[in-house]
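First up is the structure itself, then whatever we jot down about it.
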Amino acid sequence: MTGSRSTLSIYGEKAIELLIRLCGVSAIIFVFAIFFFVFREGAPILASKDFSLGKFLTSTEWYPTSMSNVRFGTLALLAGTLSVTGVAMLIAVPFGLGAAIFVSEFCTGKVREILKIVIELLAAIPSIVWGFIGLTVMNPIIQNLFHVPVGLNVLNAAILLALMSIPVMVSIGEDALKAVPDSYREGALALGATRWQIIWRVLLPAAKNGLLAAVLLGVGRAVGETMAVLMATGHAVQIPHSIFDSCRTLTATIAAELGETREHSPHYQVLFLIGILLFTITFIVNLIADFVVKGVRKK
């Protein structure tokens with residue numbers, strides 16, 4: 002009986018190990034499958050004589066339905082995406098990491114649990130609801146507060162994206178700070194360090210990889226957001242020169258136009274090419290983060 006039980010346990014461990022391996026491999030397969038599908042739908046436009054990749058990346062003219070002179074320029078869309086994401090991160094990073102430090106190091110008991118529940122509820126709000134908030138609430142507030150003619154602009158969308166990114170940053174950042182061994186805190190206290198000195202000189206350097214991951218997840222959340230920016234940016238194809246200018250993002254363009262295009266038409270293929278551009282941006286962000294983390298670890 003003992004031998005049969007040990008044999009069953011060995012087979013059970015092998016089955017679990019095989020399942021874990023399949024889960025890991027399947028994640029890679031799914032990512033490549035998604036990229037293959039997007040590339041298959043968008044790549045044929047690159048072979049067209051009427052399409053120029055240089056103009057696609059450097060032109061600000063986006064007239065995909067023009068009857069006489071079709072133009073597919075994404076520079077203004079790319080500028081809108083980067084400006085909204087950049088301003089959102091300027092707002093979200095200090096608030097998100099600050100909230101993570103507060104929840105991890107200063108809150109105890111019921112206050113901590115209530116804050117975590119509120120943050121989780123903030124993350125559960127659908128993006129379309131955030132879009133309605135930007136359209137009906139933030140729009141008049143920005144108009145009255147800053148005396149601008151239009152409240153649907155970069156600032157409006159950036160505030161919404163910041164609020165949507167903060168829960169991710171707080172959750173991952175708190176886990177990273179909690180993962181720092183208590184011996185670090187105890188050793189710093191034994192040397193006479195204050196609480197702020199412990200946070201600044203001990204916890205933040207020790208948890209920097211996890212905090213960087215939290216920030217990058219927030220960036221990914223902001224770059225990939227669709228409905229909120231579709232409703233809060235004003236959806237104007239132009240390069241924004243201030244936070245009060247309307248703009249349009251890459252994701253909002255795909256969401257607004259893909260349902261109205263004829264399948265396999267040039268407009269349809271260009272929208273998938275924009276998806277490839279978004280994949281490339283995400284890959285570059287992750288690659289830079291990987292190099293930064295490796296550099297930090299070497300130090």
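Going from the sequence shown to this note's numbering is simple: count from 1 and add 1. Every residue gets a Cβ at the ideal spot worked out from N, C-alpha and C, and that includes glycine. The structure displayed is predicted, hence computed values, not measured ones.
Neighbour-count burial assignment, residue i, 16 or more Cβ in a 10 Å radius
i: Glu175; result: buried
i: Val88; result: buried
i: Met2; result: Bear in mind that the predicted position of Met2 carries a pLDDT of just 49, short of 50, making it unreliable; the figure below should be weighed with that in mind. Met2 should be labelled exposed.
i: Tyr12; result: exposed
i: Ile255; result: buried
i: Ser49; result: exposed
i: Val26; result: exposed
i: Gly193; result: exposed
i: Leu47; result: exposed
Test item: CB-CB of residue i and residue j under 8 Å
i: Gly219; j: Met170; result: yes
i: Leu272; j: Leu79; result: no
i: Gly81; j: Pro241; result: yes
i: Leu212; j: Pro168; result: no
i: Leu217; j: Ile102; result: no
i: Asp246; j: Val155; result: yes
i: Ala223; j: Leu288; result: no
i: Arg249; j: Ala77; result: yes
i: Ala253; j: His236; result: yes
i: Val181; j: Ala208; result: yes
i: Val85; j: Thr283; result: no
Selection from the options that minimises the alpha carbon distance to residue i
i: Trp197; options: Gly99, Tyr12 and Val119; result: Gly99
i: Glu226; options: Ile199, Ala158 and Leu274; result: Ala158
i: Pro45; options: Pro267, Val32, Gln239 and Thr283; result: Pro267
i: Ile285; options: Gly221, Ile92 and Ser53; result: Gly221
i: Leu91; options: Val130, Val104, Ser166 and Ile21; result: Ser166
i: Lys117; options: Gly152, Asp183 and Ser172; result: Ser172
i: Glu121; options: Leu164, Ser53, Thr61 and Gly43; result: Leu164
i: Leu274; options: Ser53, Thr66 and Val149; result: Ser53
For residue j and residue i, the rounded distance between their alpha carbons
i: Gly74; j: Pro127; result: 31 Å
i: Gly97; j: Ser243; result: 24 Å
i: Val203; j: Val94; result: 20 Å
i: Ile29; j: Asn145; result: 49 Å
i: Ala34; j: Pro141; result: 43 Å
i: Val119; j: Ile199; result: 27 Å
i: Phe57; j: Val32; result: 25 Å
i: Gly260; j: Tyr269; result: 9 Å
i: Ile21; j: Ser10; result: 16 Å
i: Trp63; j: Glu258; result: 12 Å
i: Ile129; j: Phe107; result: 34 Å
i: Thr195; j: Glu18; result: 46 Å
i: Val151; j: Ile160; result: 15 Å
i: Ser105; j: Ala214; result: 17 Å
i: Phe314; j: Ser69; result: The displayed coordinates of the chain run from 2 to 300. Any statement about residue 314 would go beyond what the structure contains.
i: Thr61; j: Asn210; result: 37 Å
i: Trp201; j: Glu14; result: 44 Å
i: Ala16; j: Cys24; result: 12 Å
i: Gly43; j: Pro206; result: 43 Å
i: Phe147; j: Leu83; result: 23 Å
i: Leu153; j: Ile143; result: 8 Å
i: Thr109; j: Trp131; result: 30 Å
i: Ser67; j: Ala125; result: 40 Å
i: Thr72; j: Val149; result: What sits at residue 72 in the sequence shown is Arg, not Thr. Approximately 31 Å, taken between the alpha carbons.
i: Ala191; j: Asp183; result: 12 Å
i: Pro65; j: Thr59; result: 16 Å
Residue i: CB within 7 Å of a non-hydrogen atom of the ligand GTP
i: Leu205; result: The ligand GTP is absent from the structure shown, which contains no ligand whatsoever.
The stretch 261 to 280 touching the stretch 33 to 42, judged by at least three CB pairs closer than 8 Å: yes
Cβ contact (3+ pairs, closer than 8 Å) linking the stretch 214 to 232 and the stretch 129 to 136: yes
The stretch 187 to 196 contacting the stretch 110 to 119, beta-carbon criterion three pairs below 8 Å: no
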